[in-house]
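Everything in the sequence shown is counted per UniProt numbering, starting at 1 for the first residue and increasing by one. The beta carbon of each residue, even a glycine, is placed where N, CA and C say it ideally should be. Predicted model only: the values in this text are computed from it and were never measured. First the structure, in the form of structure tokens, and then the observations on it.
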Amino acid sequence: MKRSSSDNTTTTNNKKMTLFPAVYYYSKSSSSQHPVLKTNDLPHEPNHVGMKSPYYFLWASVFAVVPVAYCYIALILLREVGLYWHDTVGALLQEYTPWVWQLLQLSKASRWMELWCCFEALFFFGLKCHVYYLSSRDPLEQSLSSAPFMKHHERALLWHRMMDAESNPAEMISGWFFDQPIEALTTYDVREFITWSMFEGRNQEHLTRQELQQLQEFVEMLEYKISEHWYGTRPEVESSMDEQEQQDTIVEEEESSEENSQEAKETTPKMVPRKMFHFPEPTEHEPPNFFSNLYESYRRSYGTYKKMIVEKSPMDMNKNLMNFHPVEDFKNFMASTTQQILEAEEFYSKAASQTAESARQAATETAHNISTRVTQTTNHMYSTIVQPGSAVERRLQQTQTQLIHAFSVMKESMTERLETAKFLAGQRKIITQQLRGYREMLDRLRFADNSSASQGVIPSQQMAALMRRITESNQALERLEAHAKSAFDQATGFVAQHTTQQQPPQRYAKYSSDPLLGIAMYPLGFHLLLLGATELPLRVMMHRKGFERRSIGPVNYYFHPGTHVDDDDDSDDEDDDNTSPFHDDHNNKNTPLVFVHGIGIGLITYQPLIDAMLQSGRPIFLPELPFVSGFRPWQGPNAVLPPAVVCSTMTAMLATHGYLKGAFCGHSYGTSWLSYMCKYAPTAVAALLFLDPICFCLHAPRLTKKFVYHRPDPGTISYIIRTDLIVNWTIQRSFPWAWIILFTEQIHVPCAVFLSEQDALVPAQKVEEYLRHKDVPVSDFVPGMKFDNDDINDQAAVTGCVFRGHGHGDWTDYPTDTVPVIADCLQNLCDRAEQD
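This is the structure we're talking about:
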């Protein structure tokens with residue numbers, strides 16, 4: 001990545017990098033790089049069942065409802081037309097296709113059935129339009145609207161924690177590139193991936209100067225970590241430093257000694273990799289302007305020669321020829337020059353006592369006089385050598401005429417090339433000016449957005465529109481270069497045989513921009529049947545258990561006040577007028593429980609756990625997440641709540657019922673809300689319990705590849721959820737992973753993590769290794785196990801437990817074994833949080 005302008009370059013760790021931005025700009029259109037992904041291009045899930053399961057035939061019969069309904073509607077329409085125009089259409093059907101007419105007579109049914117078929121057809125059509133609408137939404141705009149921009153230091157801290165948590169960074173990067181060998185990835189590939197993953201789904205041309213510098217630091221740190229993992233480390237050998245570096249080192253050491261004067265530090269040698277690994281540069285790493293520059297040079301050269309030959313009239317040329325006398329003028333010139341030299345010597349001898357400034361002025365005047373005489377002399381040289389009307393003059397005039405004629409002939413043959421050169425120059429000038437203006441506007445908007453007083457005030461639509469224009473300008477420059485290359489090839493036949501072909505970047509799991517894959521279209525009857533079998537029974541059961549269904553902002557939730565009775569109720573009643581509207585959680589030992597469900601069909605699958613939570617006697621909050629509950633096609637693209645809305649809504653929900661804190665429990669996708677609360681509203685969190693958490697080690701590619709880039713198995717019950725439109729939209733378009741990912745350093749309350757060993761989505765083994773690396777005690781699940789407070793000294797300690805042999809969410813299939821342990825752990829966490 002190089003540019004000639006010094007204004008657009010900077011140095012990072014003695015390496016020169018480009019500020020604006022692309023190595024060689026590759027079109028961001030998917031079709032220009034790779035074929036657009038389709039569902040049939042995806043591999044099957046591991047342990048694929050397919051037609052071997054009865055679920056396969058169940059879903060196949062459900063999908064057959066829509067085409068049957070359409071066929072029936074076609075028969076109805078044809079029958080009604082035949083009956084209305086009986087003498088024409090009906091007669092033709094009876095005469096030429098009697099079997100069709102008999103089939104139409106048999107297709108009579110009740111009006112309700114016919115209306116139902118029409119509703120099914122209209123619903124299917126509306127669902128198709130909804131899918132098309134969501135698919136046409138700008139992925140970049142959705143990424144920017146799902147969460148605000150991260151600040152510079154927040155992004156740096158996140159990257160450092162990721163690198164610290166990752167034991168094999170090469171395997172992680174290779175996994176995101178669909179297991180491509182790490183040696184096959186270029187610097188451009190890695191930069192593009194890091195830009196997308198760490199910078200809100202953007203491209204390299206959307207980054208500011210500061211962000212590009214940070215991107216380069218991330219790439220260098222990744223190379224450093226890979227070098228450490230592959231080649232090991234050794235003590236750093238001290239190298240010689242120049243005076244400036246030594247001075248900087250002395251200043252840093254003085255500052256460090258002042259800050260840590262009260263603490264003694266151990267001096268250990270710094271460890272560095274034995275050998276450094278670097279990603280290879282792409283074969284084409286220059287900006288797209290090589291052939292455009294060729295045509296620009298061609299146009300300028302033509303203009304220069306045109307001025308030399310064509311733009312002088314014959315009269316001017318003859319006048320110059322008549323005034324040209326080289327022999328006589330040269331003789332006069334030599335005589336005058338000799339006389340001037342003698343005069344100059346005499347002048348300098350007389351002026352020896354004068355100042356150096358006067359001497360220089362005299363010399364300047366003398367040189368000026370000499371140049372003036374030379375100019376005057378050259379005007380008479382031609383007439384001295386060439387006599388007017390002589391043969392020499394005629395030959396020179398003929399030569400001049402031949403040059404003009406040859407240039408005119410050459411101009412006619414180069415007309416097309418000149419027009420191409422002028423077109424390319426004009427277009428490139430316009431596009432470059434537009435691109436420069438867009439980039440300046442982007443820098444200003446990002447600067448305004450980063451300020452503490454106005455962070456997040458720039459609408460995502462406006463920011464995405466500006467970034468689209470930057471991308472379109474780069475694409476226009478690329479198309480302009482392709483046009484110049486094609487024209488040059490047609491003119492010379494050289495390019496196609498002697499230039500290297502452009503290699504597109506490697507594909508990676510860029511789920512936020514890839515199409516919505518694996519979407520199934522279920523009929524209206526199936527939607528109503530499933531909602532009736534889940535939502536209605538849920539409301540009845542929750543009402544019988546004493547829950548009230550309420551709403552706050554965009555969230556609906558169930559609330560149970562609990563059955564816990566304080567020992568000091570009588571004394572509290574005497575001072576009702578002086579009590580605060582908020583409960584003192586630490587005094588009444590009554591921390592409320594908040595459970596957030598995961599992807600599925602809602603809260604109905606968690607009834608055993610809810611019953612166990614009721615036995616604790618604590619208040620219970622059960623927020624609903626309709627965008628991951630499935631079969632809610634009326635949900636729009638903005639149904640998924642961003643982190644700030646989640647935190648404010650959950651805090652307000654607790655405060656509405658008089659609580660300042662709550663013990664949060666979440667399963668699967670619900671743990672993302674727990675991560676939001678833990679990081680961005682920690683004062684409202686008393687304890688945390690994670691079940692099959694997706695928030696740990698989220699930088700690993702397993703969750704994305706398993707959920708998005710594997711074909712759902714129609715032989716399983718989870719197929720209907722994996723193929724739901726809004727569920728896929730949530731994961732692919734509204735999943736701000738950088739805000740969801742959680743590290744143990746960010747947990748400051750009692751916490752427990754339950755993992756499933758055979759989890760198909762969560763990288764349970766990697767999460768377990770990470771927890772052990774952070775000195776978190778991890779135990780195997782045993783039915784009836786207890787969590788004892790006496791074994792835990794740290795009030796904010798994190799504990800782990802693994803369901804051996806279980807898959808994602810399998811603990812709900814064995815409630816008699818798992819639910820009591822989870823409820824006991826939750827109670828233990830609340831007790832630890834309530835300790836003084």
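Asked	Found
Euclidean distance between Cα positions of L78 and T723	35 Å
Limits of the alpha helix (DSSP H) - the one that P139 falls within	P139 to S146
Residues near L725 in its chain [Cβ-Cβ closer than 8 Å; skip 5 each side]	L127, H130, V131, L134, L516, I519 and P633
Pairwise C-alpha distance: M613 and H560	10 Å
Cβ shell of C697 (< 6 Å), same chain only, five flanking positions each side left out	P763, K766, V767 and Y770
Cβ-Cβ distance between I601 and T704 below 8 Å	no
Three-way DSSP call (helix, strand, coil) for T591 in this model	coil
Beta-carbon separation (whole angstroms), I694 vs S672, contact threshold 8 Å	6 Å
DSSP bridge partner residues for V802 (one or two, in chain order)	L755 and D780
Other residues of its chain near V594: CB distance less than 6 Å, five sequence neighbours each side excluded	F621, G662 and F664
Beta carbon of V798 nearer than 8 Å to that of C830	no
Pairwise C-alpha distance: P67 and M677	46 Å
Residue interval of the beta strand (DSSP E) (run including C665)	G662 to H667
Contacting residues, own chain, Cβ-Cβ under 7 Å from H278 (five flanking each side not counted)	E223
T420 in three-state terms, based on DSSP	helix
Backbone secondary structure at H48 - three-state DSSP	coil
Cut-off 8 Å between Cβ atoms - residues of its own chain near G805, not counting five sequence neighbours on either side	E757 and Q758
Between the CA atoms of W101 and L93 - distance to the nearest angstrom	6 Å
Residue range of the beta strand (DSSP E) that includes N556	V555 to H560
With 16 other Cβ atoms within 10 Å as the buried cut-off, status of A684	buried
Nearest-angstrom Cα separation, counted from V640 out to K786	37 Å
C-alpha distance - L689 paired with F63, whole-angstrom precision	39 Å
Inter-stretch contact (C-beta, 8 Å, three-pair minimum) for the region 771-778 and the region 192-204	no
Supposed contact pair P642 and A147 - C-beta distance, whole angstroms, cut 8 Å	5 Å
Simplified DSSP assignment, three categories, for A639	coil
Residues near T656 by beta carbon distance below 7 Å, same chain, minus five either side	I552
L104 vs G201 beta-carbon contact at 8 Å	no
Alpha helix (DSSP H) segments (min. 4 residues) lying fully within the region 674-735	702-707, 719-722 and 725-733
CB-CB length for P537 against I604, believed under 8 Å	7 Å
Given L531 as reference, the closest of N556, S629 and T818 once Cα atoms are compared	S629
Alpha-carbon to alpha-carbon, D813 and P98	57 Å
Local conformation of V36 per DSSP, three classes	coil
Beta carbon of K270 nearer than 8 Å to that of E220	no
Beta carbon of A833 nearer than 8 Å to that of T591	yes
Distance between beta carbons of S460 and S145, contact taken as under 8 Å	4 Å
Proximal residues to Y508 (C-beta, below 6 Å), its chain only, five neighbours per side dropped	W176, F177 and F193
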